[in-house]
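Notes follow once the structure below has been shown.
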Amino acid sequence: MRAVEAPETAVAPETTAAPEVPGRRHRGRTALLIAAAAALGVLAGTATGYAVQYDRPPTPLPPLAQPSMTAPKPLARDEASSTRSVNANRWHKSDEDLATMLIEAPGGAKTAFSGSLSPDAYAADFYNHPGAGLRSLLRDDVRRIASVKWAEDDQNFVDVYLLQFRTRGGADSFQRGQSSYMPDKDHAGNDGMAVPGVPAAFGRAWVDSEQHAKPGYLPVRDARALLRRGDILIDIHYTNNRGKVDKNAVLDLAKRQMERL
Numbered sequence: 001m002r003a004v005e006a007p008e009t010a011v012a013p014e015t016t017a018a019p020e021v022p023g024r025r026h027r028g029r030t031a032l033l034i035a036a037a038a039a040l041g042v043l044a045g046t047a048t049g050y051a052v053q054y055d056r057p058p059t060p061l062p063p064l065a066q067p068s069m070t071a072p073k074p075l076a077r078d079e080a081s082s083t084r085s086v087n088a089n090r091w092h093k094s095d096e097d098l099a100t101m102l103i104e105a106p107g108g109a110k111t112a113f114s115g116s117l118s119p120d121a122y123a124a125d126f127y128n129h130p131g132a133g134l135r136s137l138l139r140d141d142v143r144r145i146a147s148v149k150w151a152e153d154d155q156n157f158v159d160v161y162l163l164q165f166r167t168r169g170g171a172d173s174f175q176r177g178q179s180s181y182m183p184d185k186d187h188a189g190n191d192g193m194a195v196p197g198v199p200a201a202f203g204r205a206w207v208d209s210e211q212h213a214k215p216g217y218l219p220v221r222d223a224r225a226l227l228r229r230g231d232i233l234i235d236i237h238y239t240n241n242r243g244k245v246d247k248n249a250v251l252d253l254a255k256r257q258m259e260r261l
């Protein structure tokens, strides 16, 4: 009987120790220390800069390009003072007496009126329904009105109005509202004509396509010009009681009044 050999005892392999994993570095604390040091450095530099500047004499500013500015000298208010004299440095050309910006009546013409006009007087002069007209003026925030009126040879009758609004928007709104109905048959009945030197957006003139005649009265033909410059609206009415209107005369009036502004 064969002897059974005892199995060899298995020898366990040597265990290799895992390499030691180094621990994580604590970066938060280091970053905080660096930031604090930087902040202290900035503060120290700022303080040093202020200290140096404090001990230095001030640097003189360069001279002005215009060392002597031309301006009215302030005067003490007295009985002769006016709004314009008190606010001389803040006065604008458009703040002058509006009537002084009107064109003059031609030589030989009979001046019927020249001066300031209240909004209700303008509405009564111009509108068939003065109440509605006055509301329209107030809605667009009219500021003041001036007018000059004259007659030439008892045939041509001219009314020139300057309406100043508190804003350009008010003047523009009033101009567009008035211009919108001029091409209607009950008014000029045509698209009008350009005024020389005035962009279309800022003004136009119309001569009625037809004359207006009533039994027992002379035939009448009207013309009108509406122009705007800034916050001031020019409104010119031209009437001929012989049924004839010289369009060049109307355009000349509109151009002269625009140039006057």
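Counting in the UniProt record's numbering, the sequence shown runs from 1 upward without gaps. Positions of the beta carbon are idealized from the N, C-alpha and C atoms, including for glycine.
Let me make sure I understand the geometry here. Which of 218, 219 and 236 has the alpha-carbon closest to that of residue 225? The sequence position of residue 225 within the sequence shown is 225, counting from 1. Comparing Cα positions, the closest option is 236.
Residue 175, buried or exposed, once every other Cβ within 10 Å from all chains shown has been counted against 16: Against the sequence shown, residue 175 aligns to sequence position 175. Buried.
Take residue 123 and list the residues in its own chain whose beta-carbon comes closer than 6 angstroms to its own, dropping the five residues that flank it on each side. Counting from 1 along the sequence shown, the entry for residue 123 is found at position 123. So the qualifying residues of the chain are 130, 133 and 134.
Taking residue 152 as part of the beta strand (DSSP E), name the residues at either end of that continuous run. Here residue 152 corresponds to residue number 152 of the sequence shown, with the count starting at 1. Residues 142 to 152.
Is the Cβ-Cβ distance between residue 108 and residue 168 less than 7 angstroms? One-based indexing of the sequence shown puts residue 108 at position 108. One-based indexing of the sequence shown puts residue 168 at position 168. Not closer than 7 angstroms, so no.
Per DSSP, cross-strand counterpart(s) of residue 114: In the sequence shown, residue 114 corresponds to position 114, counting from 1. Residue 114 is bridged to 148.
Excluding the five sequence neighbours on either side, which residues of its own chain have a C-beta within less than 6 angstroms of the C-beta of residue 223, listed in chain order? Taking the sequence shown and counting its residues from 1, the one referred to as residue 223 is at position 223. Around residue 223: 207, 238, 245 and 250.
Looking only at its own chain, which residues have a Cβ that is under 7 angstroms from the Cβ of residue 147, when we skip the five neighbours before and after it? Here residue 147 refers to the residue found at position 147 of the sequence shown. These residues qualify, in order along the chain: 113, 117, 159, 160 and 161.
Where does the unbroken alpha helix (DSSP H) through residue 126 begin, and where does it stop? Start at 1 with the first residue of the sequence shown, and residue 126 comes out as number 126. Where residue 126 is concerned, the enclosing alpha helix (DSSP H) stretches over 119 to 126.
Alpha carbon to alpha carbon, what distance is there between residue 232 and residue 257? The residue labelled residue 257 in the question sits at position 257 within the sequence shown. The residue labelled residue 232 in the question sits at position 232 within the sequence shown. So the two alpha carbons sit approximately 11 angstroms from each other.
Report yes if the CB atom of residue 240 is closer than 7 angstroms to the CB atom of residue 218, and no otherwise. Here the question's residue 240 lines up with position 240 in the sequence shown. Here the question's residue 218 lines up with position 218 in the sequence shown. Going by C-beta atoms, residue 240 is not nearer than 7 angstroms to residue 218.
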